[in-house]
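Colleague: Structure provided below as structure tokens; questions to follow.
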Amino acid sequence: MNVIIVDDYESLSHAGADWLVEAINAKPDATIVVATGNTPMGVYHELARRYSHGLIDTSRLHAFQLDAYIGLAPDDQRSLFGWMHRSFIEPLDIAETNVVRLVGDAPDPWDACRIYEIAVREAGGFDISILGLGPNGHLGFNEPPSLPDSPTRVIPLTPESIASNARYWGGEEQVPPQALTCGMDLLLAARRTLLLVSGAHKYQILHRAMEGPQTPDVPASYLQSAPNVTVLADRAAWHGLETQSR
Ligand code: PGA
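Heads up, the sequence shown is in the numbering used here, so the first residue is 839 and it goes up one at a time.
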């Protein structure tokens, strides 16, 4: 794993956008799986700024949804597809025909998983994976325990993820208890991965993921064996509380 440590969230957002500009320019028809969550938002904002300055061509990019709550329509304000759309698809003008949803409101969610897997495999897998790190070590909604060959699937959310996601939607009762997630198998096969980690509250899980044993209890620990992973963290996440007070 390559590790880049930057001073703060603003620097992380710039460095993440730089990384993506380089990756997209190297492969303008890249397939990209796109995380939501708070951490990547600054990166997407910066990337959109670079796009508006003509630094990347997005016309041939293909974007894939990483995870979805079960039972929410795309226009529900909690929809992760809606969030991805507002923060990544629209600002970068990615063609709707080049966007693959993980359809959490499908009549048969398991069927939606199989359709998604076929779409990813037909596209040749992911060239670029943009991920955040869950406070419990999840990637997407691959909740602990998740094995490295876990497929795209329906998964109950852990109490920790429900509590963590409550901050997006204003209360735990607003967080659907079940989700779909892109599988570990597809994520770990991505040709390039950018793992974005910000804030002292991620310190312990970041170091468990990077230096601890590879274990289903910390799904992100399997990134240690994935090809071409860049961990981009700010000082608060890398050093923990100690540096936050400096
Ligand atoms: P965050 O979420 O970026 O909002 O911290 C990360 C995650 O839960 O995967």
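Glycine is no exception: its CB is placed at the ideal position from the N, C-alpha and C atoms.
None of these values were measured; they are calculated from a predicted model.
Beta strand (DSSP E) containing G970: first to last residue?
Modeller: Where G970 is concerned, the enclosing beta strand (DSSP E) stretches over I966 to G970.
Colleague: At what residues does the beta strand (DSSP E) containing F902 begin and finish?
Modeller: Taken as a continuous stretch (DSSP letters only), the beta strand (DSSP E) holding F902 covers H900 to Q903.
Colleague: Which residue marks the beginning of the alpha helix (DSSP H) containing V859, and which one marks its end?
Modeller: V859 -> alpha helix (DSSP H) spans Y847 to A864.
Colleague: Label T935 either buried or exposed according to how many other C-beta atoms from any shown protein chain fall within 10 Å of its C-beta, with 16 as the threshold for buried.
Modeller: Exposed, because fewer than 16 other Cβ atoms sit within 10 Å of the Cβ of T935.
Colleague: Could you check if A950 is buried or exposed, using at least 16 other CB atoms within 10 Å of its CB as the buried criterion?
Modeller: When all chains shown are included, A950 counts as buried.
Colleague: Are A1047 and L971 closer than 8 Å when you measure CB to CB?
Modeller: Yes; because the gap between Cβ atoms is below 8 Å, this pair is in contact.
Colleague: Taking 7 Å as the cut-off, is the C-beta of G972 nearer than that to any heavy atom in the ligand PGA?
Modeller: G972: yes, Cβ under 7 Å from the ligand PGA.
Colleague: Under 6 Å Cβ to Cβ from F979, same chain only, skipping five residues before and after it: list those, please.
Modeller: Excluding residues within five positions, the ones whose Cβ falls inside 6 Å are D905, I993, A1017 and T1019.
Colleague: For the alpha helix (DSSP H) containing Q1016, name the first residue and the last one.
Modeller: Segment Q1016 to T1019 is the beta strand (DSSP E) holding Q1016; no alpha helix (DSSP H) there.
Colleague: Is L885 closer than 8 Å to L940 when the C-beta atoms are compared?
Modeller: Cβ distance not < 8 Å, so L940 and L885 don't count as in contact.
Colleague: Could you check if A855 is buried or exposed, using at least 16 other CB atoms within 10 Å of its CB as the buried criterion?
Modeller: Per the 10 Å Cβ criterion, buried.
Colleague: Between the Cα of D946 and those of I956, I908 and M922, spot the shortest distance and give me the residue it belongs to.
Modeller: The candidate whose alpha carbon is nearest that of D946 is I908.
Colleague: Would you please state the rounded distance, in angstroms, between the beta carbons of E955 and P989? I believe it to be under 8 Å.
Modeller: Correct: roughly 7 Å between the Cβ atoms.
Colleague: L918 and P1014 - do their beta-carbons sit closer together than 8 Å?
Modeller: For P1014 and L918, no; Cβs fall outside 8 Å.
Colleague: Is it the case that the Cβ atoms of T869 and A961 are separated by a distance below 8 Å?
Modeller: Yes; because the gap between Cβ atoms is below 8 Å, this pair is in contact.
Colleague: D895 to I1000, Cα distance in whole Å?
Modeller: When rounded, the distance between both Cα atoms is 37 Å.
Colleague: Over the uninterrupted alpha helix (DSSP H) stretch that includes P947, give me the two end residues.
Modeller: Unbroken alpha helix (DSSP H) run through P947: P947 to E960.
Colleague: At 3 residues or longer, what runs of the beta strand (DSSP E) sit wholly inside the stretch 978 to 1013?
Modeller: For the stretch 978 to 1013, whole beta strand (DSSP E) runs of length 3 or above, ordered along the chain, are 991 to 994.
Colleague: With respect to 7 Å, is the separation between the Cβ of H1077 and the closest non-hydrogen atom of the ligand PGA below this value?
Modeller: No, since every heavy atom of the ligand PGA falls outside the 7 Å radius drawn around the Cβ of H1077.
Colleague: Buried or exposed: which applies to R991, given that a residue is buried once 16 or more other Cβ atoms fall within 10 Å of its Cβ?
Modeller: Looking at its Cβ environment, which holds 16 or more other Cβ atoms inside 10 Å, R991 is buried.
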